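Heads up, the first sequence is in this note's numbering, so the first residue is 10 and it goes up one at a time. Presented below is the structure to which this report refers.
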Amino acid sequence: MPELPEAETIVRGLRPAVVGRTIRGTQVLHSDVLREARDRFTRRVRGRRIVEVGRRGKNVLLQLDGERVVAVNLGMTGRLLPTAGRTPDSSPGAHPAVRFRLDDGKALVFDDTRRFGTVECLDHDEWHRRSRRMGPEPLEAAFTGGVLHAGLRESRSPLRSWLLDQRKIAGIGNIYANEALFLAGVHPQRLAKSVSRNEAAALHRGIRRVLRNAIESGGTTLRDYRTASGEEGRYARRLLVYGRDGESCSRCRTEIHRVVFGGRSAFYCPKCQPRRGARA
DNA sequence: AGTGTATCCTGCAGGC
DNA sequence: TGCCTGCAGGATACAC
10 MPELPEAETI VRGLRPAVVG RTIRGTQVLH SDVLREARDR FTRRVRGRRI
60 VEVGRRGKNV LLQLDGERVV AVNLGMTGRL LPTAGRTPDS SPGAHPAVRF
110 RLDDGKALVF DDTRRFGTVE CLDHDEWHRR SRRMGPEPLE AAFTGGVLHA
160 GLRESRSPLR SWLLDQRKIA GIGNIYANEA LFLAGVHPQR LAKSVSRNEA
210 AALHRGIRRV LRNAIESGGT TLRDYRTASG EEGRYARRLL VYGRDGESCS
260 RCRTEIHRVV FGGRSAFYCP KCQPRRGARA
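The structure is reproduced here in structure tokens:
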């Protein structure tokens, strides 16, 4: 689940704990989360110093010296937890997959119940190529309403599917796609190319607003997500439509609907988000 | 270029 | 209580 706000919250929590630390070694408990051979990964990471922790879309990035980067995609249930104590075998999560031993005696653990997450160590060029295939960062200045509108015009996908496509825009998952569409007053199944300039502007505002507010709340915990300090995110109670089918719309009291397409549930208010564009 | 389906894996809620 | 089914924040590959 972790989407952009959850990854960002983890990054911020991780920074003070791991920046400047050197990775003494790694322990791979479930090699299926690695996107490369275990030996190669272990070799490329050992002895490197973590110079910064960053994010691209939903990915948490450990920038290492020597122009290398460990990219962690959290999948549905991934967590990144620095161990509080020095005890090397204590694990803060129940499903540790990769453990990084740090030079201060502590560790950084990638814990992932379902193991849909991935961990890999890339060099500068490999990471650059990867990053180039991803869409713009929605919170960066370069991502404007005009940029969004131009992207939407090229696609016949339903809006919700478009928003989930990391090649179109980075970091948005099912929760925030649905919330942003509600804030913009646009139906999730509207075709991307049918969106007007004004609707795109409203969607642009909705995307930024929901992502910023969710970061401010430390992300959304439905079940598995935890911050780097193991706490739950506080945004779940602020969700306006996601998971609220059958409840009444916070804006107009109409019953919130759920529809499945693209293999996943979409939630919307039929009155605030008419199938045919009206408002905005 | 779209959509639907299956796949990876575990856990939990709901129905019986 | 237990068993079974379906479903879940993601990403990808496949056939159509």
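For every residue, glycine included, the Cβ atom is placed at its ideal position computed from N, Cα and C. Model, not experiment: these values are computed from the prediction.
Per-residue burial, residue i [other beta carbons within 10 Å of its own, 16 or more giving buried]
i: S257; result: exposed
i: R288; result: Reliability fails at R288, whose pLDDT of 48 lies under 50, so the model's placement of it is uncertain and the value that follows must be treated cautiously. The residue is exposed, with fewer than 16 neighbouring Cβ atoms inside 10 Å.
i: V269; result: exposed
i: E208; result: buried
i: A201; result: buried
i: S99; result: Low confidence applies to S99: its pLDDT is 49, below 50, so where it sits in the model is not reliable, and the reading given next is rough at best. Exposed: under 16 other Cβ atoms inside 10 Å.
i: H158; result: buried
i: R30; result: buried
i: P97; result: Legend: pLDDT at P97 = 45, less than 50; position of this residue unreliable, value from coordinates given subsequently. The residue is exposed, with fewer than 16 neighbouring Cβ atoms inside 10 Å.
i: P25; result: exposed
i: D112; result: exposed
i: G66; result: buried
i: G75; result: exposed
i: G22; result: buried
i: V219; result: buried
i: T86; result: buried
i: E163; result: exposed
Same chain only: Cβ atoms within 8 Å of residue i, ignoring 5 sequence neighbours per side
i: T35; result: F50, T51, V54, R55, V107, R108, F109, R110
i: R217; result: P147, L148
i: R253; result: I265, F276
i: G271; result: P167, R169, S170, L173
Identity of the residues DSSP links to residue i by a beta bridge
i: R88; result: D120
i: H266; result: Y277
i: P197; result: Paired residue(s): none; P197 is not in a bridge.
i: T31; result: R58
i: V250; result: DSSP lists no partner for V250.
i: A245; result: According to DSSP, A245 bridges with nothing at all.
i: R295; result: Since the displayed the chain opens at 10 and closes at 289, residue 295 lies outside it and no answer follows.
i: R77; result: L73, D132
Limits of the unbroken alpha helix (DSSP H) element including residue i
i: G22; result: 13-27
i: I184; result: 183-193
i: L168; result: 168-173
i: T236; result: That residue, T236, is in no alpha helix (DSSP H); it is neither H nor E in DSSP.
i: V54; result: 47-54
Segment limits, beta strand (DSSP E) that includes residue i
i: G215; result: Counting along the chain, G215 falls outside any beta strand (DSSP E), though it belongs to the alpha helix (DSSP H) covering 206-225.
i: F125; result: Counting along the chain, F125 falls outside any beta strand (DSSP E), and DSSP gives it neither H nor E.
i: Q282; result: Looking at the DSSP string, Q282 is not in any beta strand (DSSP E), and its letter there is neither H nor E.
i: A106; result: 105-111
7 Å CB neighbourhood of residue i in its chain, flanking five on each side removed
i: N183; result: L173, R273
i: E241; result: T230, R235
i: A132; result: Checking the displayed sequence, the identity of residue 132 turns out to be Asp instead of Ala. Closer than 7 Å at the Cβ level, and outside the excluded window around D132, lie E76, R77.
Neighbourhood of residue i by C-beta distance below 6 Å, restricted to the same chain and skipping five residues each side
i: A193; result: A211, L212, G215
i: R88; result: G102, D120, R235
i: S140; result: R65
| query | If you scan the segment 130-161 from start to end, which runs of the alpha helix (DSSP H) of 4 or more residues do you find wholly inside it? | reply | 133-141
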